[in-house]
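**Q**
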Amino acid sequence: MKVQWGALALAGVLTLAACGAETGAKGAAAGGGDSSGNGGGEGGSLVWAVETQPITFNPQQWGQNKARLLVHNQFDALIARGRDGEFLPWLAKSWEVSKDGLTYTFQLRQDVTFHDGEKFDAASVKANLDQLVTPGYNVAVAAIQLRNFSAAEVTGPYTLKVTLKAPDGLFLDFLSSPYAGQVSPKSLKNAKDLKAGGPDLVGTGPFILDRFTPGQEVHYKRNPKYNWAPPNAAHQGPAHLAEITYRFLPEAAVRVGALTSGQVQVIEGVPATELGLIKSDPKLKVETSLNSGSAFSYYFNVSHPPFDDKRVREAFRAAVDVDIVLNSVYQGTAKRAWSIVGQGSPQFYDPSLENTFGNDAQRANKLLDEAGWDKRDAEGFRVKDGKRLTIRSIESAPFVRDRRDILAQAVQAAVKQSAGIDFQPKVVDQGTQQKALEQDQYELFQNSRGDTDAGAALNLILPKGAAINRTHFESAKVDKLLADAAATSDLAKRKEIYAKVQRIVVADEALLLPVYVPADQVAYGATVTGVTFEPVSGTPNSAYDIRIGT
Numbered sequence: 068m069k070v071q072w073g074a075l076a077l078a079g080v081l082t083l084a085a086c087g088a089e090t091g092a093k094g095a096a097a098g099g100g101d102s103s104g105n106g107g108g109e110g111g112s113l114v115w116a117v118e119t120q121p122i123t124f125n126p127q128q129w130g131q132n133k134a135r136l137l138v139h140n141q142f143d144a145l146i147a148r149g150r151d152g153e154f155l156p157w158l159a160k161s162w163e164v165s166k167d168g169l170t171y172t173f174q175l176r177q178d179v180t181f182h183d184g185e186k187f188d189a190a191s192v193k194a195n196l197d198q199l200v201t202p203g204y205n206v207a208v209a210a211i212q213l214r215n216f217s218a219a220e221v222t223g224p225y226t227l228k229v230t231l232k233a234p235d236g237l238f239l240d241f242l243s244s245p246y247a248g249q250v251s252p253k254s255l256k257n258a259k260d261l262k263a264g265g266p267d268l269v270g271t272g273p274f275i276l277d278r279f280t281p282g283q284e285v286h287y288k289r290n291p292k293y294n295w296a297p298p299n300a301a302h303q304g305p306a307h308l309a310e311i312t313y314r315f316l317p318e319a320a321v322r323v324g325a326l327t328s329g330q331v332q333v334i335e336g337v338p339a340t341e342l343g344l345i346k347s348d349p350k351l352k353v354e355t356s357l358n359s360g361s362a363f364s365y366y367f368n369v370s371h372p373p374f375d376d377k378r379v380r381e382a383f384r385a386a387v388d389v390d391i392v393l394n395s396v397y398q399g400t401a402k403r404a405w406s407i408v409g410q411g412s413p414q415f416y417d418p419s420l421e422n423t424f425g426n427d428a429q430r431a432n433k434l435l436d437e438a439g440w441d442k443r444d445a446e447g448f449r450v451k452d453g454k455r456l457t458i459r460s461i462e463s464a465p466f467v468r469d470r471r472d473i474l475a476q477a478v479q480a481a482v483k484q485s486a487g488i489d490f491q492p493k494v495v496d497q498g499t500q501q502k503a504l505e506q507d508q509y510e511l512f513q514n515s516r517g518d519t520d521a522g523a524a525l526n527l528i529l530p531k532g533a534a535i536n537r538t539h540f541e542s543a544k545v546d547k548l549l550a551d552a553a554a555t556s557d558l559a560k561r562k563e564i565y566a567k568v569q570r571i572v573v574a575d576e577a578l579l580l581p582v583y584v585p586a587d588q589v590a591y592g593a594t595v596t597g598v599t600f601e602p603v604s605g606t607p608n609s610a611y612d613i614r615i616g617t
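Residues in the sequence shown are numbered consecutively from 68, following this note's numbering.
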């Protein structure tokens, strides 16, 4: 079948540098240009404060949803997503899919160049796909999104044929994701640190990364040649802004202070405690969007005690009044989660799980008594065979967002008070976390995934041996269900299958405690326009359509 723009109905298939503040203030004054929306390149500078510094600038190594907004400044994908989840052309003008679902033939744009002057063509796309399945490059992508990839063949300068081993409902979603950001083959070979990325790893995007100061900021300048935005962009041609600086300000109060004082024009990660202040200021605007993918959840490690006992897993869930905990931390601004799939992915979310567990201290205590944790030590914690009921959680600092450290403290207090559970959450560096994971020295794992197709998240978390199956949960039935869902592009069928998966892991196995649905909050000055969210992921868009003026 021939696929053109709008014709594909396969929706749902997947901080402070010395010159920073000065630059932003001058840029705000210099911004502007015509308001026709028919072109770009008017000029102006913008400073945007972000909560999390990326651990990599290589889109193919991307893993932090909070850093997603940076990726599409510098890198374009083959396919874009529309408002209703439909697939739209981007660097690929069109594509055909064989009747058996095993062959995809892409017709590529012929007017695109990488930032280093190299030509974008079928050979460059093949080089990127081949790189992604290189052993050790990105194990998770190779095992999930590209597990059915067989070969890419250049059949013409701008024609690429991709062959799959089996039909795969996640393939087109992958091609629209940051992982499929097209990197110059020249820089794939010559980058000083390929996995970390940086100024010498280049793409085709509307902005060029030209400066990165770790712990402070990253700076992008406009790509003057850019003229290949997807059709759902607000304009065509170069970006409106001449440059944009993203400052890394992990402290929420500092970000808000920088915005209200005019040091920055945009911030993301608006804390609940400051929403009232921002909303009451007529010079500021704030917008929120739920993220797609999996909800932020506490996953239980079933490989050793105490969570190898389902009663203890159920007891931990029952010991937490999630609504009270969320209100104490987020003051009514967080949406409670009820499943491994978040409500930000409505096409796959199973609402039948709502109000089926949690907030039942009496049941929590009964279950723990039955499981043999029926004695208490001098501090009131439950003990069994002389050992305290201790739950360790080891989290990597770069992935801690939305005040999750404070949230963990609230959960810690709740389970101690209601059920005598000793919950010990820690935030550590990546190396320390990795060591704990490898040595199985944890009982609880915190995670959310921002995949545009929630099926990708489920495949990364649940199957035996999956990249982030840190619960060590094994179920042949779940594995088969996930394989069946990935093998079809029928949205209704996939929804039915994923509902079964959710009921097994949430209701039957009590494998996790869903907590809240991640969301992005962006606040900005009234002179800033064009701040939008990606239609499927719910994360902030790149700065391509943003402009500033008086």
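Where a beta carbon is used, it is the ideal one built from N, C-alpha and C, also for glycine.
Does DSSP put Phe490 in a helix, in a strand, or in coil?
**A** Here residue 490 refers to the residue found at position 423 of the sequence shown. Phe490 falls in the strand class under three-state DSSP.
**Q** Answer with buried or exposed for Pro156, where buried requires no fewer than 16 other C-beta atoms within 10 angstroms of its C-beta.
**A** By 1-based counting over the sequence shown, the position of residue 156 is 89. By the 10 Å Cβ count, Pro156 comes out buried.
**Q** Less than 6 Å between C-beta atoms, sequence neighbours within five positions excluded: which residues of the same chain meet that for Thr170?
**A** In the sequence shown, residue 170 corresponds to position 103, counting from 1. So the qualifying residues of the chain are Thr230.
**Q** Is any beta-carbon of chain B found at less than 7 Å from that of Tyr365?
**A** Although the question refers to chain B, the structure presented lacks it and comprises just one protein chain.
**Q** Taking only the alpha-carbon atoms, compute the straight-line gap between Gly106 and Leu242 and give it to the nearest angstrom.
**A** Translated into positions along the sequence shown, residue 106 becomes position 39. Translated into positions along the sequence shown, residue 242 becomes position 175. With a pLDDT of 41 at Gly106, under the threshold of 50, the modelled position of that residue is not reliable, and no figure is offered here.
**Q** Would you say Val404 and Val584 are within 7 Å of each other, going by their C-beta atoms?
**A** Sequence index remark: in the sequence shown, residue 404 carries index 337 (1-based). Sequence index remark: in the sequence shown, residue 584 carries index 517 (1-based). According to the sequence as given, residue 404 is Ala; it is not Val. Yes, the Cβ-Cβ distance between Ala404 and Val584 is below 7 Å.
**Q** Measuring straight from C-alpha to C-alpha, what distance separates Gly498 and Tyr287?
**A** For the purposes of this step, residue 498 is identified with residue 431 of the sequence shown, where counting begins at 1. For the purposes of this step, residue 287 is identified with residue 220 of the sequence shown, where counting begins at 1. Straight-line Cα distance between these residues: approximately 30 Å.
**Q** Is Ile345 helix, strand or coil when you go by DSSP?
**A** Locating residue 345 in the sequence shown gives position 278, where the first residue counts as 1. If DSSP states are grouped into helix, strand and coil, Ile345 belongs with the helices.
**Q** Write down the C-beta distance between Ala574 and Lys377 rounded to the nearest angstrom, noting that I regard them as a contact closer than 8 Å.
**A** Locating residue 574 in the sequence shown gives position 507, where the first residue counts as 1. Locating residue 377 in the sequence shown gives position 310, where the first residue counts as 1. Not a contact, Cβ separation roughly 12 Å.
**Q** Could you please give the first and the last residue of the uninterrupted beta strand (DSSP E) stretch that includes Ser217?
**A** Within the sequence shown, residue 217 is the residue found at index 150, counting from 1. 216 to 223 is the extent of the beta strand (DSSP E) around Ser217.
**Q** So, under 8 Å CB-CB, Ile334 and Ala116 are touching, yes? Tell me the CB distance rounded to an integer number of Å.
**A** As a first step, residue 334 must be located in the sequence shown, where it is residue number 267. As a first step, residue 116 must be located in the sequence shown, where it is residue number 49. Right, their Cβ atoms sit about 4 Å apart.
**Q** If contact is defined by three or more beta carbon pairs under 8 Å, each pair taking one atom from either stretch, is the region 520 to 539 in contact with the region 361 to 376?
**A** Enough Cβ pairs lie closer than 8 Å, so yes.
**Q** Under the DSSP definition of a beta bridge, which residues are partnered with Leu580?
**A** Position 513 of the sequence shown holds residue 580. Answer by DSSP bridge pairing, in chain order: Tyr365.
**Q** Whole-angstrom Cβ separation of Ile488 and Arg449, contact assumed at under 8 Å?
**A** Within the sequence shown, the letter at position 421 stands for residue 488. Within the sequence shown, the letter at position 382 stands for residue 449. About 7 Å separates the two Cβ atoms, so the contact holds.
**Q** Under a three-way DSSP split, which group does Ala550 fall into?
**A** Locating residue 550 in the sequence shown gives position 483, counting from the first residue. Helix, per DSSP.
**Q** What is the DSSP secondary structure of Gln513, counted as helix, strand or coil?
**A** The residue you call residue 513 lines up with position 446 of the sequence shown. Strand.
**Q** For Glu446, does the count of other Cβ atoms within 10 angstroms reach 16, so buried, or fall short, so exposed?
**A** Here residue 446 refers to the residue found at position 379 when the sequence shown is read from its first residue. It is exposed - the Cβ of Glu446 has fewer than 16 other Cβ atoms within 10 Å.
**Q** Can you list, in chain order, the residues of its chain with a C-beta nearer than 6 Å to that of Ala521? Leave out the 5 residues immediately preceding and following it.
**A** As a working note, residue 521 is residue 454 in the sequence shown. Result list for Ala521: Gly360, Val408, Ser412, Phe415, in chain order.
**Q** Less than 7 Å between the beta carbons of Val337 and Ala590, yes or no?
**A** On the sequence shown, position 270 is the one that residue 337 refers to. On the sequence shown, position 523 is the one that residue 590 refers to. In this structure, Ala590 lies closer than 7 Å to Val337 by Cβ.
**Q** From Lys502 to Lys483, what does the alpha carbon distance come to, in whole angstroms?
**A** Counted from its first residue, the sequence shown places residue 502 at position 435. Counted from its first residue, the sequence shown places residue 483 at position 416. Rounded to whole angstroms, Lys502 to Lys483 spans 27 Å at the Cα level.
**Q** Around the Cβ of Asp612, are there at least 16 other Cβ atoms within 10 angstroms (buried) or fewer (exposed)?
**A** Translated into the one-based positions of the sequence shown, residue 612 becomes position 545. Answer is buried; the Cβ neighbour count reaches 16.
**Q** Within the chosen definition, does the region 219 to 238 reach the region 273 to 292 through at least 3 CB pairs nearer than 8 Å?
**A** With the cut-off at 8 Å, the region 219 to 238 and the region 273 to 292 do not touch.
**Q** Helix, strand or coil for Gln500, going by three-state DSSP, please let me know.
**A** By 1-based counting over the sequence shown, the position of residue 500 is 433. Gln500 falls in the helix class under three-state DSSP.
**Q** Looking at the secondary structure, which residues open and close the alpha helix (DSSP H) in which Asp277 lies?
**A** Numbered from 1 along the sequence shown, position 210 holds the residue referred to as residue 277. Note, Asp277: premise wrong, no alpha helix (DSSP H); beta strand (DSSP E) at 274 to 280.
**Q** What distance in whole Å lies between the Cβ atoms of Gly597 and Ala309, which are believed to be in contact at a cut-off of 8 Å?
**A** Within the sequence shown, the letter at position 242 stands for residue 309. Within the sequence shown, the letter at position 530 stands for residue 597. The pair is not a contact, with the Cβ atoms about 14 Å apart (cut-off 8 Å).
**Q** Output the distance between the C-alpha atoms of Gly264 and Thr123, rounded to the nearest integer angstrom.
**A** Taking the first residue of the sequence shown as position 1, residue 264 is located at position 197. Taking the first residue of the sequence shown as position 1, residue 123 is located at position 56. Whole-angstrom Cα-Cα distance: 6 Å.
**Q** List the DSSP bridge partners of Glu335.
**A** As a position in the sequence shown, residue 335 is number 268, starting the count at 1. Paired residue(s): Val589.
**Q** Would you check if the distance between the CB atom of Leu175 and the CB atom of Ala159 is smaller than 7 Å?
**A** Indexing the sequence shown from 1 puts residue 175 at position 108. Indexing the sequence shown from 1 puts residue 159 at position 92. Cβ atoms of Leu175 and Ala159: closer than 7 Å.
**Q** Evaluate contact between the region 379 to 388 and the region 343 to 352, counting only Cβ atoms and requiring at least three cross-stretch pairs below 8 Å.
**A** No, because fewer than three Cβ pairs between the region 379 to 388 and the region 343 to 352 fall closer than 8 Å, the two stretches do not touch.
**Q** Counting along the chain, where does the beta strand (DSSP E) carrying Ala385 start and finish?
**A** Taking the sequence shown and counting its residues from 1, the one referred to as residue 385 is at position 318. Taken as a continuous stretch (DSSP letters only), Ala385 belongs to no beta strand (DSSP E), being part of the alpha helix (DSSP H) at 377 to 385.
**Q** Looking at C-alpha atoms only, which residue of Asp469, Ser463, Ala477 is the closest neighbour of Asp496?
**A** For the purposes of this step, residue 496 is taken as the residue at position 429 of the sequence shown. Among Asp469, Ser463, Ala477, the Cα nearest to that of Asp496 is on Ser463.
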